[in-house]
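What follows is a short report on a single structure.
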Amino acid sequence: VQLQASGGGLVQPGGSLRLSCAASGSTFSRNVMGWHRQAPGKQRELVAGISPTGNINYAESVKGRFTISRDNAKNTVYLQMNSLKPEDTAVYYCNAYNWRNQVRYDYWGQGTLVTVSS
Numbered sequence: 002v003q004l005q006a007s008g009g010g011l012v013q014p015g016g017s018l019r020l021s022c023a024a025s026g027s028t029f030s031r032n033v034m035g036w037h038r039q040a041p042g043k044q045r046e047l048v049a050g051i052s053p054t055g056n057i058n059y060a061e062s063v064k065g066r067f068t069i070s071r072d073n074a075k076n077t078v079y080l081q082m083n084s085l086k087p088e089d090t091a092v093y094y095c096n097a098y099n100w101r102n103q104v105r106y107d108y109w110g111q112g113t114l115v116t117v118s119s
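Residues 2 to 119 in this note's numbering are what the sequence shown spells out, letter by letter.
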């Protein structure tokens with residue numbers, strides 16, 4: 002699976018951005034898709050995930066502000082980010098994974114930088 006993330010940029014606190022991640026090379030609909038982020042000096046953390054059946058989970062810090070969605074027809078997963086805060090500043094990575102013969106296969110995109118600052 003190849004993943005191409007886009008949509009990052011500079012936004013003021015309280016603003017919005019939408020990240021997109023286009024996937025190719027495998028059956029997109031079979032993969033769990035997720036967004037992770039890594040802020041300077043911090044470990045990478047899961048922001049949101051969406052299963053092939055549409056089950057969704059969010060990090061507590063983004064609940065009510067971020068929305069993850071997927072369009073299987075377009076092989077794309079989105080992260081709508083509203084009410085952005087300076088602490089949301091990070092490199093955001095798209096992730097896909099699936100299970101085959103009890104082995105988990107993970108794939109990562111290149112990351113897109115989100116900077117929240119006035």
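C-beta: ideal position from N, C-alpha, C; glycine also.
Q | Residue from H37, R31 and S25 whose Cα sits closest to the Cα of S62 | A | Residue 62 sits at position 61 when you count from the first residue of the sequence shown. Among H37, R31 and S25, the Cα nearest to that of S62 is on H37.
Q) Across which residues does DSSP place A60 in a beta bridge pair? A) Locating residue 60 in the sequence shown gives position 59, where the first residue counts as 1. DSSP lists no bridge partner for A60.
Q | Residue(s) in a DSSP beta bridge with N99 | A | Here the question's residue 99 lines up with position 98 in the sequence shown. In the DSSP assignment, N99 forms a beta bridge with Y106.
Q: On the DSSP bridge assignment, give the partners of A24 in chain order.
A: The residue given as residue 24 occupies position 23 in the sequence shown. Answer is L4.
Q. Does the Cβ of N83 lie closer than 7 Å to at least one heavy atom of the ligand ADP?
A. Looking for the ligand ADP in the displayed structure turns up nothing, as the structure carries no ligands at all.
Q | Residues of its chain near G16, where Cβ-Cβ distance is below 6 Å and the 5 sequence neighbours each way are ignored | A | Counting from 1 along the sequence shown, the entry for residue 16 is found at position 15. Here the set comprises L85.
Q. What residue from R66, L11, Q5 and T90 has the CA that sits closest to M34's CA?
A. As a working note, residue 34 is residue 33 in the sequence shown. It is Q5 whose Cα lies nearest to the Cα of M34.
Q. Taking the C-alpha atoms as reference points, what is the distance between G9 and V117?
A. Residue numbering aside, residue 9 sits at position 8 when the sequence shown is read from its first letter. Residue numbering aside, residue 117 sits at position 116 when the sequence shown is read from its first letter. Going by the C-alpha atoms only, they are around 10 Å apart.
Q | Best match in N32, V12 and S7 for proximity to R101 [C-alpha to C-alpha] | A | On the sequence shown, residue 101 is found 100 positions in, with the first residue counted as 1. The option with the nearest alpha carbon to R101 is N32.
(Q) Between N73 and F29, how many whole angstroms is the CB-CB distance? I'm expecting something under 8 Å. (A) Working through the sequence shown from its first residue, we reach residue 73 at position 72. Working through the sequence shown from its first residue, we reach residue 29 at position 28. 6 Å between Cβ atoms; contact.
Q | Check whether L20 and Y79 have beta carbons under 8 Å apart | A | As a first step, residue 20 must be located in the sequence shown, where it is residue number 19. As a first step, residue 79 must be located in the sequence shown, where it is residue number 78. Yes, the Cβ-Cβ distance between L20 and Y79 is below 8 Å.
Q. What are the residues that DSSP puts in a beta bridge with R38?
A. Numbered from its first residue, the sequence shown carries residue 38 at position 37. Listed as beta-bridge partners of R38 by DSSP are E46 and Y93.
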